[in-house]
Every structure is written in structure tokens, then in C-alpha cells.
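Here is the structure we will look at, set down as C-alpha cells.
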Amino acid sequence: MFRRGPSSKSDNTKFYEILGVPKTASPEDLKKAYKKAAIKNHPDKGGDPEKFKELAQAYEVLSDPEKREIYDEYGEDALKEGMGGGGGGHDPFDIFSSFFGGGGGHPFGGGSSRGRRQRRGEDVVHPLKVSLEDLYLGTTKKLSLSRKALCSKCNGKGSKSGASSTCSGCQGSGMKVSIRQLGPGMIQQMQHPCHDCKGTGETINDRDRCTQCKGEKVVSEKKVLEVAVEKGMQHSQKITFSGQADEAPDTITGDIVFVIQQKEHPKFKRKGDDLFVEHTLSLTEALCGFQFVLTHLDKRQLLIKSSPGEVVKPGTYLNHDHPLFLLFFFFLPLVCVWLFDRFIQGDSRRGNANIPKAVHEG
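Residue 26 in the working numbering sits at position 26 of the sequence shown; the count goes up by one each step and never skips.
What follows is the structure, encoded as C-alpha cells:
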């Protein structure tokens, strides 16, 4: 993203005045000033909501080295124009909660009524190849999957209770903004996960790390799912296991989704809820009658035969046992087709020269 700096400076002292600190205040001074003022003005304790919002906006900007540099150089207008990612763009309650290490470290006890928002984890999608027999009869498949689960020893905290602290590199946001000066008044801004905390917003001392998950907060586990493929399910239909995907702290677990992929069948074809079978007849069978046995998808042996005196034409459909349809093709002596063609054209001069022996017609 590219932004051009404003042609003139705007107010660059307001945020310092809101926090009650000089422009030379250190990061530690900013923390102390914000903590004291935020607790005093918190709406849950009867404080002024607008004042609480201003404090969060001021601390969000001045606690970020890149944003503070832009604010000191260009003022608040530069932040509003997006050069530093914006000022006051985060929820003031989220900033307050992250400052105190989340709901567990809330200074009033029990956590803020607003709390920290949870994002939804990604769904995990797997193709599930199923035979036509299984779709016709229905089946249940047991599938073993590997997923990430919250560590049971530390309850997904990654450390001993209360041992984690807000990352000083990103002030608990999990993201950092990099600024490059490309030229006079021209700045390039890039946002990326914080390297210090890997985007979590928290840091853990090595001695306090959970011995089971090594501070990762999650562990790998095997999970066996029973996937019920119901009768009549279609190609591309989805089977969903809600909340069974990878777990992560402060995250609503996504779903595991299986997408049915119907395998090709050597004999039967499916169209919607109907089954089709192609069968080739000889000319004698088509004219004089036929009889054969067809093995259905459920292993039933079906006797297929024509009625006495019935003449079957090419392309005829026979609805034998709904939803089963049979499509007939014929294997005819080509001489019949050749002579008939010559008869229609009124041309019999070639006699029986080069008469082919047979043709497969449908």
C-alpha cells in the first residue's frame, strides 16, 4: 500500500495530553499512564465511555513505534489518511483486555462484559470417494484423521497459570506495521504477524512453558469419525461434522466437511435418482424375443425378457424396476443396412460388391 504524506503537519501533541505524559515519555511511562487512566475511566466502573475511547486511541498509536514516529512527524491527520494504519481502529475494550492479558487478567475480576472477540477457525475439507453401490444401499465409513487440539495439561494457555504476558513488540495485537520511506512525503506500509509472539499477542518465558505442548498451546491427536453415507446421496453432496476441525486458543473451531465423489461404474450409469444400463441385442433377439439375467447393485438377480410378439427398436428404454431403466442397442448384419440404403437411393448397380459383414448400431 502506498500513501503520500500530508503537505503540512497537523496536531501532534493531543495524544500525549490525553495520557498526561510529555512527548519524551518512554514506553514504560506510556503503559503506566494508560493503565491508571483506563481503570479510572472504564465504563464498567462508571467512567466516561468517550474518555475511555480517547485513552485507548492515544495508547494504541503511541505504544506502536512506527505509528508514533508518523504521529510525531506528521500529526493525527497522517494517521487518519492511513499512513500508519489508522488511529483508534481497534475496539477500546479489546485494547484494554489485551493490555491486562485477556479476560483472565481483568483488573475488576471476572473479565470485562465485552470480552475478547473470537475468530472462527477454518473448515477442513476432504473428498470422499464412494462407489455407486454404497450410494444406492447406504453405508458407514470409519475415517482416521489428524488434527490440532488444545493442550489438556495447560488448557491451551501454553504455560503455567498466569505466566504469559502481553507481547511488548506488538502490544498484544499480534500484528506489526512496517514503514519504509520511499521518497519525500512517500511512505510504504506493510502489515505482518509479529515475529516476537508469532501473531499470538503473548510471550512466555522458557522456564514457564508447558512441558506437554512446549508452549504451542495445542497438540496433535488422532480422531476417528464415523461418516454415514445415506441412501440416495448425490455426487458433490457434503457431510459436515460441526466443530471438529483444528482447535486453537480464542478461536471457534471450524468444521470437518466431506464432499462425496461418486466413482465410475463399469455397467450402471446414474442420472439424478435413476439408474441406466445399456444392453446390446442381436437382430434375432430384437425380432423374436430375448431373455437374460442382470445383477443389480444390491446383488439381486433380475430376469429381463421381452413380451411375446414384441419387437424392440434401437434406443428403446425399458423401465423394468424403478428407478432402473434399460437402453437397448443392436448388433445387425451390415448387409441389411447397406441394401436398405441402396434401396432408398434407387441404386442397385453395384450388386453385392464389397458388402460389409456386420455393424453395431444404436
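We put the CB at the ideal spot given by N, CA and C, even for glycine.
Note that the structure is a prediction, hence the values are computed from the model and not measured.
Point to revise | C-beta atoms of residue 179 and residue 76 nearer than 8 angstroms | key: Reading the sequence shown from its first residue, position 179 is the one you call residue 179. Reading the sequence shown from its first residue, position 76 is the one you call residue 76. No; because the gap between Cβ atoms is not below 8 angstroms, this pair is not in contact.
Review point. What three-state label does DSSP hand residue 219 in the structure shown?
Key: Position 219 of the sequence shown, counted from the start, is the residue given in the question as residue 219. In this structure, residue 219 counts as strand in the three-state DSSP scheme.
Review point. Just to confirm, are residue 246 and residue 120 a CB contact at a threshold of 8 angstroms?
Key: Taking the first residue of the sequence shown as position 1, residue 246 is located at position 246. Taking the first residue of the sequence shown as position 1, residue 120 is located at position 120. The answer is no: Cβ separation not under 8 angstroms.
Point to revise | Beta-carbon gap between residue 193 and residue 174 smaller than 8 angstroms | key: The residue labelled residue 193 in the question sits at position 193 within the sequence shown. The residue labelled residue 174 in the question sits at position 174 within the sequence shown. Yes; because the gap between Cβ atoms is below 8 angstroms, this pair is in contact.
Check your understanding: From what residue to what residue does the alpha helix (DSSP H) around residue 184 run?
Key -> On the sequence shown, residue 184 is found 184 positions in, with the first residue counted as 1. From DSSP, residue 184 is part of no alpha helix (DSSP H); its letter is neither H nor E.
Check your understanding: Got a sec, what are the start and stop residues for the alpha helix (DSSP H) residue 56 sits in?
Key -> Start at 1 with the first residue of the sequence shown, and residue 56 comes out as number 56. Note, residue 56: alpha helix (DSSP H), 49–62.
Point to revise | With 16 other Cβ atoms within 10 Å as the buried cut-off, status of residue 252 | key: Within the sequence shown, residue 252 is the residue found at index 252, counting from 1. Its Cβ having fewer than 16 others within 10 Å, residue 252 is exposed.
Practice item. Go through the region 262–317 residue by residue and report every complete run of the beta strand (DSSP E) that reaches 3 residues or more, in order. Key: 268–271, 274–282, 291–295 and 301–305
Check your understanding: So who's on the other strand from residue 257, going by DSSP bridges?
Key -> Position 257 of the sequence shown, counted from the start, is the residue given in the question as residue 257. In DSSP, residue 257 forms a bridge with 125 and 240.
Review point. Quick one: what does DSSP say residue 252 is sitting in, helix, strand or coil?
Key: As a working mapping, residue 252 is identified with position 252 in the sequence shown. Three-state result, residue 252: strand.
Exercise for review: On the DSSP bridge assignment, give the partners of residue 224 in chain order.
Suggested key: Locating residue 224 in the sequence shown gives position 224, counting from the first residue. Per DSSP, 144.
Review point. From residue 61 to residue 23, what does the alpha carbon distance come to, in whole angstroms?
Key: Translated into the one-based positions of the sequence shown, residue 61 becomes position 61. Translated into the one-based positions of the sequence shown, residue 23 becomes position 23. The alpha-carbon atoms of residue 61 and residue 23 are separated by roughly 13 angstroms.
**Study point:** Where residue 149 falls: helix, strand or coil (DSSP)
**Key:** The residue labelled residue 149 in the question sits at position 149 within the sequence shown. If DSSP states are grouped into helix, strand and coil, residue 149 belongs with the strands.
**Study point:** Any non-hydrogen atom of the ligand MG within 7 angstroms of residue 133 CB
**Key:** Of ligands this structure carries none, so the ligand MG is not represented either.
Review point. Name the DSSP beta bridge partners of residue 192, please?
Key: The residue you call residue 192 lines up with position 192 of the sequence shown. Bridge partners of residue 192: 176.
Exercise for review: Starting from the C-beta of residue 55, find all residues in its chain whose C-beta is less than 8 angstroms away, skip the five residues before and the five after it, and write them out in chain order.
Suggested key: For this step, residue 55 is matched to residue 55 along the sequence shown. 18, 19, 34, 37, 38, 41 and 92.
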